[in-house]
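K.L.:
There are 2 protein chains.
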Amino acid sequence: MKRLFMLLSLFLALCATAMAQLHYHEATQFKVIGRPVPDASRVYTRLPDSLKGKVRDALWNLGQNTAGMAVRFCSNARQIGVRWKNHSVFNMNHMTATGVRGLDLYCLQDDGQWVFVNSARPGGRLANKSKIIDNLDGREHEYMLYLPLYEDIDSLEIGVEEGTGIGNPRMALPVESKPVVWYGTSITQGGCASRPGMAATNIVERRLNRVVVNLGFSGNGKLDPEVAEVMAKHDAGLYIMDMLPNCTSDLINEKIERFYTILRKAHPDTPILLVENPIFPPTRFDSEMRKEIEEKNATLAKFYKKFRAAGDKNVFFVSSAGMIGTDNEGTVDGIHFTDLGFERCADYMTPIIKRYLKE
Amino acid sequence: MKRLFMLLSLFLALCATAMAQLHYHEATQFKVIGRPVPDASRVYTRLPDSLKGKVRDALWNLGQNTAGMAVRFCSNARQIGVRWKNHSVFNMNHMTATGVRGLDLYCLQDDGQWVFVNSARPGGRLANKSKIIDNLDGREHEYMLYLPLYEDIDSLEIGVEEGTGIGNPRMALPVESKPVVWYGTSITQGGCASRPGMAATNIVERRLNRVVVNLGFSGNGKLDPEVAEVMAKHDAGLYIMDMLPNCTSDLINEKIERFYTILRKAHPDTPILLVENPIFPPTRFDSEMRKEIEEKNATLAKFYKKFRAAGDKNVFFVSSAGMIGTDNEGTVDGIHFTDLGFERCADYMTPIIKRYLKE
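See the structure below:
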């Protein structure tokens with residue numbers, strides 16, 4: 001009896017192993033959306049090779065992080081997993097490793113909504129493996145797998161059970177033409193979302209069902225003209241200039257006109273949003289921080305009026321009042337948005353973007 | 001001229017150093033609220049010494065984490081900082097180090113609302129130091145400093161500039177009598193809030209201005225009767241039994257009556273809420289996970305009806321439908337709440353708690 005029980009246990013264990021055996025598919029064979037440089041030789045980059053050594057190293061390195069990119073595929077699998085290699089094991093004390101180096105999966109519903117399935121959490125090593133979901137219904141669904149916000153991807157494979165199908169998406173959603181191209185800082189890059197899908201750019205992408213290209217560079221949204229050139233290559237539906245937390249008033253005075261002009265010359269009619277510095281929660285208490293932000297916002301407003309006065313009817317000013325709510329709770333460290341802050345930011349920005357976005 | 005400039009720079013640097021020089025005060029001399037064992041010899045513990053070696057090690061160790069505790073003080077400082085030592089350097093891949101091992105500060109406003117000031121982020125070592133806020137108005141304010149959710153505190157000091165006052169609070173808020181005593185799992189303990197103040201128990205505490213005692217034990221909300229004994233020592237305004245994610249139906253069947261009876265015998269009329277397992281987002285896709293949760297919730301409902309049928313008019317059943325919203329976005333990993341999930345959970349639970357809470 002005991003022997004029979006042991007054999008039965010072994011059999012069940014083998015069945016479980018067989019069920020968990022996934023067959024992995026190189027992700028770059030599927031559509032990767034949100035690429036800031038669609039014609040780059042490497043898929044997982046946000047800056048063109050031509051800028052290597054030309055822009056500051058910090059900017060270049062952040063340009064290799066995969067913020068805002070996602071793999072689109074369809075599958076009738078009952079289980080989905082991923083294997084991926086990051087370029088390094090980057091950690092921050094105010095952001096989860098899952099947001100920094102992990103991935104998360106969304107599934108398209110019949111009503112056109114993208115719904116969170118689950119996340120793939122990284123370990124402490126470069127190479128990671130994670131089963132994302134099990135016991136799916138076995139029907140074909142459209143999926144979107146968001147890539148890490150603050151790390152590079154050296155390789156990525158998507159696993160489904162052997163014998164089940166996985167392939168390129170059948171539905172062209174989110175729409176890739178006329179994307180929103182969002183330039184900015186660590187916050188734009190997704191600091192500090194708990195998982196990639198909760199960065200504001202990714203939330204807005206799902207809500208609009210339109211690709212949002214993420215050109216946020218942590219600590220480096222310093223109006224580099226080279227980034228404006230990358231943006232100008234896109235036939236965008238809308239540009240967002242959201243870099244104030246990384247700029248001093250002096251820097252704005254020195255660099256914003258050139259940056260803006262690169263976009264405007266290439267695209268005379270494309271809407272450009274100039275976004276104020278968020279009202280960071282500690283400004284309620286820290287009078288110096290408050291003054292500094294007010295001054296920068298006034299400098300931005302000055303240029304907005306100047307661009308308008310010069311006849312630009314497609315440049316718009318976005319106040320930050322209420323952008324992350326009014327209860328002071330939207331950040332982890334007084335600056336970087338949490339999922340709560342990003343949700344509020346998306347609630348705030350989506351209707352503004354919709355109002356101006358070109359089809 | 002160059003020499004004058006250097007001297008001036010040196011002078012300014014010295015001024016800055018002097019400004020940044022904080023004088024530190026041992027935190028236990030101030031009021032520490034949310035202590036599950038108010039008469040324990042050590043301040044920063046959630047279980048009585050008598051349980052050491054008696055309860056499972058995992059439970060005991062989690063009982064040393066400071067979830068739900070806060071230091072209350074008042075000060076007219078213009079700068080506030082902290083120095084603290086954690087017991088170990090615990091990291092998780094789905095929670096920020098600031099939530100696990102850090103602290104955050106709230107300030108009481110004239111309208112009775114607690115408002116987030118800023119957080120104290122830990123480094124990679126046991127000993128940490130962080131300036132939380134600068135350029136305050138120099139008037140006396142009431143502060144609440146939340147302690148780490150998933151680590152122990154070996155020592156904690158609060159720093160203010162020399163010559164400014166710091167002392168025990170002048171206002172007895174949050175009210176300590178008739179606290180809410182909330183028993184549960186990793187989620188109750190605060191996984192995965194971005195910072196301590198965003199755990200549901202702490203949000204609800206601020207909204208009610210009533211102390212909420214946190215007895216969440218990650219992976220260990222397994223209906224240990226010893227924890228019920230700790231809860232029963234409180235003259236609570238309300239008890240919450242919110243342990244289902246750590247229980248199987250078998251475990252509920254085996255242990256819930258004893259746990260409940262310990263509370264009920266000690267406090268015949270105190271409201272007890274029985275909370276369903278949250279509808280974890282992946283249940284929308286994972287049929288097995290969905291079935292398991294439905295089964296556990298049915299088991300809980302069975303006991304609710306039994307307690308009611310036995311004449312208990314102060315036991316209540318809390319459905320989890322809509323507890324963290326309906327858009328599937330409230331978690332980092334399909335289970336643990338983010339700040340967004342906790343905010344929604346607090347929105348959901350606060351009116352329910354208010355309805356039943358005894359004064």
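Listed in order, the protein sequences are those of chains A and B.
Residue numbering for the first sequence follows this note's numbering, starting at 1 and increasing by one per position.
Residue numbering for the second sequence follows this note's numbering, starting at 1 and increasing by one per position.
Beta carbons are placed, not taken as given, at the ideal position from N, Cα and C, and that holds for glycine.
Owing to the predicted nature of the structure, the values given are computational and were not obtained by experimental measurement.
#1: When the Cα atoms are used, what is the spatial distance from glycine 237 of chain B to lysine 306 of chain B?
#2: Ends of the alpha helix (DSSP H) at valine 289 of chain A?
#3: Is the shortest distance between the beta-carbon of arginine 284 of chain A and the beta-carbons of chain B less than 9 Å?
#4: Mind checking which residues open and close the beta strand (DSSP E) that includes proline 179 of chain A?
#5: Identify which residue in B:Cys345, B:Ala70, B:Thr326, B:Pro179 has its Cα closest to the Cα of isoleucine 153 of chain B.
#6: For aspartate 333 of chain B, count neighbouring Cβ atoms within 10 angstroms of its own Cβ and tell me buried if that reaches 16, exposed if not.
#7: If you draw a straight line from the alpha carbon of isoleucine 240 of chain A to that of lysine 233 of chain B, how long is it in whole angstroms?
#8: Leaving out five residues on either side along the sequence, give the residues of the same chain with a beta carbon under 6 Å from the beta carbon of glycine 99 of chain B.
#9: Going by the beta-carbon positions, is the gap between glycine 275 of chain A and glycine 190 of chain A smaller than 9 Å?
#10: Buried or exposed: where does methionine 1 of chain A fall if 16 or more other Cβ atoms within 10 Å of its Cβ makes it buried?
#11: Do the region 283-299 of chain B and the region 211-227 of chain B make contact, defined as three or more Cβ pairs closer than 8 Å?
#12: For lysine 85 of chain A, collect the residues of the same chain with a Cβ closer than 7 Å to its Cβ; drop the 5 residues on either side in sequence, then sort them by chain order.
#13: For the region 166-188 of chain B, which residues have a beta carbon sitting closer than 8 Å to at least one beta carbon of chain A?
#14: Using the C-alpha atoms, what's the distance from alanine 199 of chain A back to arginine 206 of chain A?
#15: Taking the CB atoms as reference points, tell me whether valine 180 of chain A and leucine 357 of chain A lie closer together than 9 Å.
#16: Is the beta carbon of leucine 22 of chain A sitting closer than 9 Å to the one on lysine 131 of chain A?
#17: Which residues in chain A have a C-beta closer than 9 Å to the C-beta of leucine 136 of chain B? List them in chain order.
#18: Mind checking threonine 261 of chain A: buried by the 16 CB within 10 Å criterion, or exposed?
#19: If we cut at 9 Å on Cβ distances, does methionine 1 of chain B have a partner in chain A?
#20: Are the region 344-355 of chain A and the region 319-328 of chain A touching, with three or more C-beta to C-beta distances below 8 Å?
#21: Who are the Cβ neighbours of glycine 124 of chain B in its own chain at under 7 Å, not counting the five residues just before and after it?
#22: If you count every other CB in all the chains shown that lies within 10 Å of the CB of arginine 284 of chain B, and 16 or more means buried, which is it?
#23: To the nearest angstrom, how far is it from the Cα of isoleucine 352 of chain B to the Cα of glutamate 161 of chain A?
#24: Return the chain-ordered ranges of every beta strand (DSSP E) run that is complete within the region 109-194 of chain B and spans a minimum of 3 residues.
#25: Look up tyrosine 367 of chain B in the DSSP assignment and say whether it is helix, strand or coil.
#26: Leaving out the 5 sequence neighbours to the left and right, which residues in its chain are closer than 7 Å to glycine 341 of chain A when beta-carbon positions are compared?
#27: Nearest to threonine 66 of chain B by alpha carbon, out of B:Phe73, B:Asp104, B:Glu229?
#28: Excluding five sequence neighbours on each side, which residues of the same chain lie with their C-beta closer than 6 Å to the C-beta of aspartate 286 of chain B?
#29: Starting from valine 230 of chain A and walking both ways along the alpha helix (DSSP H), at which residues does that stretch end?
#30: So if DSSP puts phenylalanine 73 of chain A in a beta bridge, which residue, or which two residues, is it bridged to?
#31: Since aspartate 269 of chain A is in the beta strand (DSSP E), which residue starts that stretch and which ends it?
#32: Please report how far the alpha carbon of histidine 137 of chain B lies from the alpha carbon of proline 225 of chain A, in whole angstroms.
#33: Here's a check: name, in chain order, each residue in its chain whose Cβ is nearer than 6 Å to the Cβ of alanine 58 of chain B, leaving out the five neighbours to either side.
#34: What residues in its chain sit with their C-beta under 6 Å from that of arginine 170 of chain B, if we drop five residues either side in the sequence?
#35: 9 Å is my cut-off, CB to CB: does cysteine 107 of chain B come that close to chain A?
#36: Kindly indicate which three-state DSSP category valine 315 of chain B falls into: helix, strand or coil?
P.N.:
The answer reads as follows:
#1: Cα-Cα distance, rounded: 23 Å.
#2: Sequence check: residue 289 of chain A is methionine here, not valine. Note, methionine 289 of chain A: alpha helix (DSSP H), 287-309.
#3: For arginine 284 of chain A, at least one C-beta of chain B is nearer than 9 Å to its own C-beta.
#4: Element bounds for proline 179 of chain A: 175-184.
#5: Closest option to isoleucine 153 of chain B, Cα to Cα, is B:Ala70.
#6: Result: buried.
#7: Straight-line Cα distance between these residues: approximately 57 Å.
#8: Once the five neighbours on either side are set aside, the close Cβ partners of glycine 99 of chain B are Leu149, Ala193, Ser194, Arg195.
#9: Position check: residue 275 of chain A holds valine in this sequence, whereas glycine was assumed. One thing to note: valine 275 of chain A has its Cβ no nearer than 9 Å to the Cβ of glycine 190 of chain A.
#10: Confidence at methionine 1 of chain A is low in this model, with a pLDDT of 42, below 50, so the placement of that residue is unreliable and no value is reported for it.
#11: No, the region 283-299 of chain B is not in contact with the region 211-227 of chain B.
#12: Listed in chain order, the non-local C-beta contacts of lysine 85 of chain A below 7 Å within the same chain comprise Leu126, Ala127, Asp154, Ser155, local neighbours out to five positions each way being set aside.
#13: Legend: CB atoms of the region 166-188 of chain B lying less than 8 Å from CB atoms of chain A are not found in any residue.
#14: Taking the Cα positions, arginine 206 of chain A is about 11 Å away from alanine 199 of chain A.
#15: Valine 180 of chain A is a Cβ neighbour of leucine 357 of chain A, given a cutoff of 9 Å.
#16: Contact: yes.
#17: Ordered by position in chain A, the residues that pass the 9 Å Cβ test against leucine 136 of chain B are Phe285, Asp286, Ser287.
#18: With fewer than 16 neighbouring CB atoms inside 10 Å of its own CB, threonine 261 of chain A falls in the exposed class.
#19: The predicted position of methionine 1 of chain B is uncertain, since its pLDDT is 43 and thus under 50; a value taken from the coordinates is nonetheless stated next. Taking Cβ atoms only, chain A never reaches closer than 9 Å to methionine 1 of chain B, which makes this a no.
#20: Inter-segment contact for the region 344-355 of chain A and the region 319-328 of chain A is present: three or more beta-carbon pairs are separated by less than 8 Å.
#21: Excluding sequence neighbours, glycine 124 of chain B sits near Val89.
#22: Buried: at least 16 other Cβ atoms inside 10 Å.
#23: In this structure, the CA atom of isoleucine 352 of chain B is about 44 Å from the CA atom of glutamate 161 of chain A.
#24: For the region 109-194 of chain B, whole beta strand (DSSP E) runs of length 3 or above, ordered along the chain, are 114-120, 127-133, 141-146, 153-161, 175-184.
#25: The structure shown does not extend to residue 367 of chain B, since chain B is modelled only from 1 through 359, so no value can be given for it.
#26: Apart from sequence neighbours up to five positions away, the residues of its chain that approach glycine 341 of chain A with a beta-carbon distance below 7 Å are Ile324, Gly330, Thr331, ordered along the chain.
#27: When each option's Cα is compared against that of threonine 66 of chain B, the closest is B:Asp104.
#28: Same-chain partners within the cutoff: there are none.
#29: Per DSSP, valine 230 of chain A belongs to the alpha helix (DSSP H) from 225-232.
#30: Within the DSSP bridge table, the entry for phenylalanine 73 of chain A names A:Tyr143 as partners.
#31: Secondary structure note for aspartate 269 of chain A: it is in no beta strand (DSSP E), with a DSSP letter that is neither H nor E.
#32: Here residue 137 of chain B is aspartate; the residue named in the question, histidine, does not match the sequence. Cα-Cα distance, rounded: 40 Å.
#33: Apart from sequence neighbours up to five positions away, the residues of its chain that approach alanine 58 of chain B with a beta-carbon distance below 6 Å are Asn220, ordered along the chain.
#34: In its chain, beyond the 5 residues on either side, Cys74 have a beta carbon closer than 6 Å to the beta carbon of arginine 170 of chain B.
#35: Judged by the 9 Å Cβ criterion, cysteine 107 of chain B is in contact with chain A.
#36: In the structure shown, valine 315 of chain B sits in a strand (DSSP, three-state: E or B).
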